[in-house]
Structure formats: C-alpha cells, structure tokens
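Asks:
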Amino acid sequence: MFEKVRRCLEDEQVRSIGLYGIGGVGKTTLLQKINNEYFGKRNDFDVVIWIVVSKPINIGNIQDVILNKLPTPDDKWKNRSKEEKAVEICKLLKAKNFVILLDDMWERLDLWEVGIPHLSDQTRSRVVLTMRSERVCDEMEVHERMRVECLTPDEAFSLFCDKVGENILNSHPDIKRLAKIVVEECKGLPLALIVIGRSMASRKTPREWEQALQVLKSYPAEFSGMGDQVFPILKFSYDHLDNDTIKSCFLYCSIFPEDHTIKNEDLIDLWIGEGFLNKFVDIHKARNQGEEIIRSLKLACLLEGDVSKDTCKMHDVIRDMAFWLSCESGEEKHKSFVLEHVELIEANEIVEWKEAQRISLWDSNINEGLSLSPRFLNLQTLILRNSYMESLPIRFFQSMPVIRVLDLSHNEELVELPLEICRLKSLEYLNLTRTNIKRMPMELKNLTKLRCLMLDYVWMLEVIPSNVISCLPNLQMFRMLDASDIVEHDEVGLLQELECLEYLSWISISLLTVPAVQIYLNSLMLQKRIRDLDMMKCPGLKVVELPLSTLETLTVLRFDHCNDLERVKINMGLSRGHISNSNFHNLVEVSIDECQFLDLTWLIYAPSLEFLWVQNSREMEEIIGSDEYGDSEIDQQNLSIFSRLVTLWLHDLPNLKSIYKRPLPFPSLKQIHVRRCPNLRKLSLNSNSATNTLKEIMGNQAGGRSWSGRMTTSSAFHSVFQNKRVVEFYVMEVCWNCWVSFISFPPVF
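Counted the way full-length UniProt numbering counts, the sequence shown spans residues 1 to 749.
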C-alpha cells in the first residue's frame, strides 16, 4: 500500500489522496509512514503539516496548527478572526510547496475556508487525508482514493508474533499452532491483532491459550482488551451513522453467522419484516431505502463488498462489535443467540435461550433440544435455516406470544408446516422459501397481522386453499416464484385474491397459463403491484403485449420455457414518442430461456436495464433489430440503448447473428459471456464502447468456429481496447467447450 501511495504522490496529476477503511485497519499508521519515510526524506517540499481533524470540525484549531508550523509572528494571527487567519495562511502557503496531512476525517472540510490554496494552482503541493467512510472521499473531491485493506495472513501472523514475543511462541509446539487459530479470528485487523497479541503474551501454557481461544470464539467481548479497547474504537463508526434506522439495520446484520455472504434482497426483506423501514407503506420505496442503507454502510466500511454488488459481508471483528452492541454492550448477553454448524443442540442449551429476543440457527440440528417445548416469552425473531428437519416439534411454537419474524427458508427437508404457526397472532413475516412443504393450512388465514409471505421455490407444494390469501388484510409483500406446478390449476383464483388486498404493493410471481397471463394484462392493479414477473411454460401463448404506461413498477421480467412464445409487443398507449419519456424505467433485469423470439427489440423501451440473460432460443437472430415503428426511432435514440447494461449473457443461440447493426457505447458494461453462438461474428463494440468499465469478455463457439473480423486476434483486440482499464479480458478462438487462447491485458491508466 505504501508503494502505491508513493507512486500517486509522484504523479503531478494527483494532488490529493484519500485513504479510507474500517477503524483499526492502520490508516493513521500508514499516514505516519508516508510522513516519515517519504516526505521526511525529500527536500522538494518546504513544509509538511500533520493535523488531526476528528469531529466536530474546529476550523480555528486547524488554522492554529498550520500557523504554528509556518514562519509568521504570533501577533499576525493570534486573537484574529477565522477569516483573517485564512488570508494569512493562504498568502504563506501560496509561496511554498506544501504537504497537508489530515488524519481522522469524518465529514467534509472546506480547505479554502481554512486558508489552504486551491490545489489546481499548486502543482507541487499535496493533501493526503484519512477517513473511515469512502463518502468523505467524494465530499472532498480527492483525485485518488485507496481503501486500506486488512493484512494478509502472513502479515497478520508476523504482527501478532511481534506482540506476543518469540519466547512465548517457541515455548511449546502447540502454542504456535494455537497462535495461527487466534490470528485467523482477527481476520487481518491490525487493532485486534495488537490488542489480543499483547494479552496473549502473558499466557505461557497451551492450556491457557486454549481457554483464551474458547472465550475469543464464544463471546469475544469478554476477551481481555476487546470490550474496553477494540470495540470502543470501532464503535466510533457506528456512532457516526446518520440516524437510528441505519444503526438498527447495521446491528441486525450480526444475526447472520461469521463470514457469511449476505444477499442484499434477503437482508432488506428481513429489515422490512422487523419494521425498521416502516415509514414507507410502499414496499418498493422501503426496498429503495434498504438499498441506500446498505450503500451507506459499505461506504462507511461497516459492510464489505463493492457498492454495486447485490451481496455484502461483515468483517468478523466488526460483526463481533455489532453483536456486542445489540446485547447492550454486553449487559444483556442472552438477548440474541447465533449458532452455526452445530450437529446436536442439547435441551439444556435451549433452556438458556428463554430470555432471548432473537435466535438465529444455521446448518444445525435442534430436534432433540426442541422436544421440551421451552417458553420463549420475549422472542421476536426466529431464523432457522438448513436445519435438516422434516418437521418441527408439535409444541415448539406454543409459547412464542410476541414473535413477529419467522424465517424457515432453505430447510429443504421440511415437508410439513405445524398448525401452531397459524396461532402466532403477532407474526408479520413468514419466509418458507426453498422448503418442501406440501400443503398450506387453511388456518394460515388467522395470521391477520402478516405483512410479508415468501413461498419462492416451494416445489412440492400441492395445495393453497382458496380464500386464505385474501384473508390476510395487512399483506404488503407476496413472493411465489417458480413454485409448484399445482398452482397453475387455480392461478386465476390466486391472482384475484391478491388483487383485492388493499395494502399489497409488492408481488413476485410465476405465471404458468394463458388465462393467468390475461388476468395480469387486464388488471391495472396487478400491473402496478407485480415487481418480479416470471412467465413459465404458458402453453399456447404466442404473443404478449405489455402495456408500457402501467409497467412503471416492474423490475424483473423472465420468460422461461415458453416454447410457443414468438413475440413481445409494447403497447405504447399515450407514451408513443421518445424512449426517454417511457414509464418502463424500473426494469433492471430480463431473462429469456427457451423461447421462440426472433429479436428483443422491445428492450429499447427499458432504458434502465442492467442485466440481460438470453439462452436456448434457437430462432433468435438479433438482439436489437427493427420494431414496428421502423429504424428511425432506434437511430434517433441509439445512445440510450443498453446505456445502463452491466452484464450480457448470450448462451446457446445457434442463429444469433448480431447484437445490433452497429457498435453501441455500452457506458456501463462490465461483463459479456458468449457461449455456443456460432453465427455471432461481432459484439457491437468498438474503441468507444464500455470506456473504463469493461472487465471481462468470455466466450466459446461450437463447431470449431471463431469470431471473425477484429474479434479473432489478440492484436486486433488490443487495438480496439488499448485505451480501456480492463482487468480481465478473455478471447475465445476455440473448438467445442475448450480454451484455446487466453489473453490478459493489464489495466491502462
């Protein structure tokens, strides 16, 4: 990292650098190294000034630090106003090559208000900042930003050994082995490695190390130094979150196991179920707020993962801190329980949960322990996933009077839903996704407070009794994607029940019959409520006419094994005209599998499309062709076609000849996958396509054929993409299903 910063400092175009990362990762240490080993050894800077900014920002104090480092008499600035000090600072710094090191930034600092000259006028001056939130980099408009990452395993072990001492580590073979396990628990966070390393330096026997490791794994807050040194430092980031809603959402992430990759959609659904996003009656708006909260937590380095990705993770030490806070800083240890990979949970262990408000069990077997039917009088949330149970004990749910959130998803052996669940009068969220439940009980209609019901991928479901769904008056979200075929026998009835629910604002559903599709297309209410639509099979369905003016809420559209479907038409209604004025603007994902489309020209009316998957469609000849209005409209609007497309997958399309008749800008495109499309000779790309975004092209061909033209040689590829920042670039000149050529171009800056 130091070398990377050094290279930037020597680049005359980079005059400000932002170093961001989670608390305790070593940002200040890195800044000290830059100060001592880079600026301290150079003679081309007149003055180097270190300032600890912190929060709240005090402009006067910052000015005093600067003026104390500059050659100016005290009487010129002591007891002067901030404005007068700023004038004096600016006059002095303009005449110098200066370096300002700003440590611990929490919010935007107006450098001009301080008196620091505009860097555009100071070709040899530099400003380097450290902060926990990437958002501050945006606010400060830094020229280059770098995330300070946790240490590699080797670096982490070296730092830990330095704090423990070689004498202790070499005193017994088991201690070095245990030391590696302790280091793994720290996940490369220097602050934790230093504090824990110092604590372990006093433990001289393997038994002491084993005992300490057990505490560190079971309840880290009780480990020496964690609760009073590590967590309080990390808590600053939590304290600086904008509001209580974001704080509650952050703490809730600790209900997932360590090192768990969390799907944004799952997390937001749970936040909605918990009532964190209740200020929105519309689930779509609540989801948007949830996405923004995840983005904020990622920018604050409290969640890991690229801001644009649909998953996130928590660093293990951050998670430990969040769990500690959710248990009232350790004062209420039994408030939450999270367990994973437990083969057998004993009854006496479950008794300890009686005071719990949240219980989260993953990949664990609890059949034996549940047989006693403990009383969970305070339990509000139960997440039970991958439990290997065919059924739940009969009396298990009898004593959960205030439970609101019940997540039984991903229990693929679960075939029966206990009737006791239907007596949970406070239940608001029920997730049965990827279970094998065969029958929904009639008594489900007693859950009158239920707001969210998830039945995605419940393939064995045989019965949803009539007039059950319509008896859930507070239902806001209903999900039933790719569920049992049995639903097709009364799809129309189900849609009619959903249509009459007053507060329902989010439906994700698969439609399997032509009558069901017609109900959807004729119902303004359903069109406004269905956000995720999957048309599956639908025998006899040849043409689908989508009304553009009423599809403003549709976000995902799939056509799956609709073997008779030949065409999708867009009914423009009063929206005929420019694409930019359309109401199809929320559609971000389209998937086509085994349909008879000749083209997908209707996608020009989806300007926000980000993901496009097309496969197993033998008749497909082009992606964007000519629509009923002719080429002129497409020509006039070509810059908006696929302007937000991030991922394009084209698989098993034997007659596909082109994506579009000429190259497209693709300003957001990151990934193209092409497999077994032997007649596709061009990718509609040129040197102006996907500037600074394209990272990967992968493809292979059938029958030994290769892409023609500029798409067949490495030199040709390089000539097209030489001005791009391309991380990975694969060129396939291949026979059936094998790699013949691999080309990787380094990033071009």
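Where a beta carbon is used, it is the ideal one built from N, C-alpha and C, also for glycine.
Under 8 Å Cβ to Cβ from Ser308, same chain only, skipping five residues before and after it: list those, please.
Replies: Here the set comprises Val646.
Asks: Given this structure, state the Cα-to-Cα distance separating Val199 from Lys82, to the nearest angstrom.
Replies: Sequence check: residue 199 is Ser here, not Val. Approximately 46 Å, taken between the alpha carbons.
Asks: Alpha carbon to alpha carbon, how far is Thr123 from residue 750? Give it in angstroms, no decimals.
Replies: The requested residue 750 is not part of the displayed model; the chain covers only 1 to 749.
Asks: Nearest CA to the CA of Lys235: which residue from Glu258, Ile22, Ala156, Asp282?
Replies: Comparing Cα-Cα distances from Lys235 to each of Glu258, Ile22, Ala156, Asp282, the minimum goes to Ile22.
Asks: Could you have a look at Leu169 and say whether DSSP puts it in helix, strand or coil?
Replies: Leu169: helix per DSSP, three-state reduction.
Asks: How big is the Cα-Cα spacing for Lys78 and Val114?
Replies: 15 Å
Asks: Any heavy atom of the ligand COA closer than 7 Å to the CB of Lys313?
Replies: Only the bare structure without any ligand can be found here, which leaves the ligand COA out of the picture.
Asks: Please list, in chain order, all residues of the same chain as Ala483 whose beta carbon is under 8 Å from its beta carbon, the five residues on each side excluded.
Replies: Leu455, Asp456, Tyr457, Val458, Trp459, Leu461, Ser510
Asks: Verify whether the separation of the beta carbon atoms of Leu297 and Val148 is less than 8 Å.
Replies: no
Asks: Looking at the structure shown, is Val342 part of a helix, part of a strand, or coil, going by DSSP?
Replies: Correct three-state label for Val342: coil.
Asks: Have a look at Ser66 and Thr311 and give me their C-alpha separation to the nearest angstrom.
Replies: Checking the displayed sequence, the identity of residue 66 turns out to be Ile instead of Ser. C-alpha separation (whole angstroms): 43 Å.
Asks: If we require 4 or more residues per run, which alpha helix (DSSP H) segments fall completely within the segment 118–190?
Replies: 134–140, 153–164, 166–169, 173–186
Asks: Please check the pair Phe597 and Glu566, which I expect to be a contact at CB under 8 Å, by giving their CB distance rounded to whole angstroms.
Replies: 7 Å
Asks: Suppose you measure from the CA of Ser158 to the CA of Thr72; what does that come to, to the nearest Å?
Replies: 46 Å
Asks: Going by DSSP, name the residue or residues bridged to Tyr429.
Replies: Val405, Cys452
Asks: Is the CB-CB distance between Leu419 and Arg404 below 8 Å?
Replies: No, the pair does not count as a contact, with Cβ atoms beyond the cut-off.
Asks: Give the straight-line distance between the Cα atoms of Val317 and Leu524, rounded to the nearest whole angstrom.
Replies: 49 Å
Asks: Please list the terminal residues of the continuous alpha helix (DSSP H) segment that includes Trp324.
Replies: Going by DSSP, Trp324 is part of the alpha helix (DSSP H) stretching over 316–326.
Asks: Cα-Cα, which of Cys150, Ile175, Val164, Gln289 is closest to Gly188?
Replies: Selection Cys150, Ile175, Val164, Gln289 evaluated against Gly188 yields Cys150 as nearest (Cα-Cα).
Asks: How would you label Phe2, buried or exposed, when you count the other beta carbons within 10 angstroms and need 16 or more for buried?
Replies: Phe2 comes out exposed.
Asks: Cβ of Leu432 within 8 Å of Cβ of Ser466?
Replies: No, the pair does not count as a contact, with Cβ atoms beyond the cut-off.
Asks: Within 10 angstroms of the Cβ of Glu491, are there 16 or more other Cβ atoms? Answer buried if so, exposed if not.
Replies: Taking every protein chain shown into account, the CB of Glu491 has 16 or more other CB atoms within 10 angstroms, so this residue is buried.
Asks: Would Gly24 be called buried (16 or more neighbouring beta carbons within 10 Å of its own) or exposed?
Replies: Looking at its Cβ environment, which holds 16 or more other Cβ atoms inside 10 Å, Gly24 is buried.
Asks: Taking just the CA atoms, how far does Glu184 sit from Glu155?
Replies: 12 Å
Asks: Taking just the CA atoms, how far does Ile194 sit from Val351?
Replies: Distance between the alpha carbons of Val351 and Ile194 is about 37 Å.
Asks: One question on the structure: do Asn571 and Glu619 come within less than 8 Å of each other, judged by their Cβ atoms?
Replies: No, these two residues do not count as a Cβ contact at 8 Å.
Asks: Looking at the secondary structure, which residues open and close the alpha helix (DSSP H) in which Leu524 lies?
Replies: Leu524 -> alpha helix (DSSP H) spans 524–529.
Asks: Classify residue 778 as buried or exposed, calling it buried when 16 or more other Cβ atoms lie within 10 Å of its own Cβ.
Replies: With the chain covering only 1 through 749, there is no way to say anything about residue 778.
Asks: In terms of alpha-carbon separation, which member of Ser364, Glu208, Gln357 lies closest to Asn378?
Replies: Gln357
Asks: Suppose you measure from the CA of Lys537 to the CA of Ser218; what does that come to, to the nearest Å?
Replies: 50 Å
Asks: How long is the line joining the alpha carbons of Arg451 and Leu526, rounded to whole angstroms?
Replies: 18 Å
Asks: For Asp75, count neighbouring Cβ atoms within 10 angstroms of its own Cβ and tell me buried if that reaches 16, exposed if not.
Replies: exposed
Asks: In whole angstroms, what is the alpha-carbon distance linking Leu392 and Ile272?
Replies: 26 Å
Asks: Please classify Glu728 as buried or exposed, where buried requires at least 16 other C-beta atoms within 10 Å of its C-beta.
Replies: In this prediction, Glu728 scores a pLDDT of 37, lower than 50, which makes its location untrustworthy; the coordinate-derived value is nonetheless stated afterwards. So Glu728 ends up on the exposed side.
Asks: Applying the criterion that 16 or more other CB atoms from any shown protein chain within 10 Å of the CB defines a buried residue, is Ala86 buried or exposed?
Replies: buried
Asks: Between the alpha carbons of Val127 and Glu141, how many angstroms are there, rounded?
Replies: 11 Å
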